[in-house]
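Protein chains in written order, with our numbering: chain A, 419 to 566; chain B, 419 to 566. Glycine is no exception: its CB is placed at the ideal position from the N, C-alpha and C atoms. One structure is given here, and the rest of the page talks about it.
2 protein chains.
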Amino acid sequence: MDIETIPHPIVQSLVRLIRAEDRSGAFDADSDEELLAPFIVTKAEKREMPMFGDPDPDILARVEKFYGAVAIELEQRTGRAVVPMLNIHHEGWGRVLLIAGRLVAVKAHVRELHRFGFETLAQLVEKAEKLVVEGVTSIETYPAVADA
Amino acid sequence: MDIETIPHPIVQSLVRLIRAEDRSGAFDADSDEELLAPFIVTKAEKREMPMFGDPDPDILARVEKFYGAVAIELEQRTGRAVVPMLNIHHEGWGRVLLIAGRLVAVKAHVRELHRFGFETLAQLVEKAEKLVVEGVTSIETYPAVADA
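And the structure:
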């Protein structure tokens, strides 16, 4: 395992979301690094992944968890409830919104989900952090809408 | 066929959305009344419909078309692009948002979609009209967010 865990709250939320779904306790013996490993996909690995057919349900579950962790972090920083809405076409592209009240705090387009993953854990955190900042900015710009 | 067509723009949009999906021309010979018939489900019919299992894909397609027609009407009245986002759990409940810019113009919870339908076409129009009014009001309240 070549992933070094980064003590960032987004990584912690992600691990918590993964463990929360593990009702049978199958992951109990797995380290955080092992649970995060499927999120890390190098460029070379992506090239090997076929783009035909529908993306694996496991991939879609990881997409959900990634944006779920972003939503949790946004809640922490703004003190507001944030709900992710994923609209993913079965062919692997779509839209993700993070909603606070009546505000679309974060708006993301996703595509080629067959190859969802980040080069490194640091890149995962960087991407998540960018989305959190977008959300914080929108909520600070339109606080009344986020409260509506 | 006991549905009288109501010359309401929402009904017209709904018919247009149904016909737009009919790529093979299978509905060409069908009247508007026939195409709208599956949207009308009486209380007695609903009681007969089982709530177990997942709702039929045809029902989910009708839910999409109903909210699609509401979105089109909202676009007409506000001059803004409105996108529906449906987040429906396979068991037949979920949320529907109509998004204009960064604004959630309409927010609806749906449930028991196994039994989706309206007692009469007038009730369909009434429900749709209520959602359109909600959308117009939100957009008029937060025009900058709808433009963002």
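Quick check: what's the CA-CA separation for residue i versus residue j?
i         : j         : result
Ala487(A) : Lys525(A) : 15 Å
Ala455(B) : Leu542(B) : 12 Å
Ile490(B) : Asn505(B) : 19 Å
Ala566(A) : Tyr485(B) : 22 Å
Ile458(B) : Glu544(A) : 50 Å
Lys464(A) : Ala562(B) : 40 Å
Leu516(B) : Gly510(A) : 22 Å
Glu493(B) : Gly512(A) : 22 Å
Arg533(A) : Ser431(B) : 38 Å
Ser556(B) : Glu451(B) : 33 Å
Ser449(B) : Glu482(A) : 42 Å
Ala462(B) : Met469(B) : 14 Å
Arg529(A) : Tyr560(A) : 28 Å
Which chain B residues sit within Cβ distance under 8 Å of residue i?
i         : result
Met503(A) : Met503, Asn505, Arg513 and Leu515
Taking CB distances under 8 Å as the criterion, tell me whether residue i reaches chain A.
i         : result
Val550(B) : no
Met419(B) : Model confidence at Met419(B) stands at a pLDDT of 42, short of 50, so the residue's coordinates are unreliable; what they give is reported in the following sentence. No, because no Cβ of chain A sits closer than 8 Å to the Cβ of Met419(B).
In chain A, which residues lie less than 8 Å from residue i when you measure between Cβ atoms?
i         : result
Tyr485(B) : Going along chain A, no residue has its Cβ under 8 Å from Tyr485(B), so there is no contact; the nearest lies around 12 Å.
What residues from chain A crowd round residue i, counting only those whose CB sits closer than 9 Å?
i         : result
Val522(B) : Leu515, Ile517, Gly519, Arg520, Leu521, Val522, Val563 and Ala566
How would you list, in chain order, the residues of chain B whose beta-carbon sits under 7 Å from the beta-carbon of residue i?
i         : result
Ser379(A) : Chain A is shown only over 419 to 566; residue 379(A) falls outside these bounds and no answer can be derived.
Count the other C-beta atoms from every protein chain shown that fall within 10 angstroms of the C-beta of residue i, then say buried if there are 16 or more, exposed otherwise.
i         : result
Arg480(B) : buried
Gly471(B) : exposed
Arg441(B) : exposed
Ala444(A) : exposed
Met503(B) : buried
Thr460(A) : exposed
Val580(B) : As shown, chain B starts at 419 and ends at 566. That puts residue 580(B) outside it, with no answer to give.
Asp420(B) : In this prediction, Asp420(B) scores a pLDDT of 49, lower than 50, which makes its location untrustworthy; the coordinate-derived value is nonetheless stated afterwards. With fewer than 16 Cβ atoms within 10 Å of its Cβ, Asp420(B) is classed as exposed.
Thr496(A) : buried
Pro473(A) : buried
Ala447(A) : exposed
Near residue i, what residues of its chain come up, given a Cβ to Cβ distance below 6 Å and the 5 sequence neighbours on each side ignored?
i         : result
Ala499(A) : none
Glu439(A) : none
Val522(B) : Leu515
Considering only residues of the same chain and omitting the five flanking positions on each side of residue i, which have a CB-CB separation below 8 Å?
i         : result
Leu453(A) : Val433, Ile436, Arg437 and Phe445
Asp476(B) : Pro456
Ile424(B) : Leu539, Ala540 and Val543
Leaving out five residues on either side along the sequence, give the residues of the same chain with a beta carbon under 7 Å from the beta carbon of residue i.
i         : result
Glu552(B) : Val524
His527(B) : Arg513
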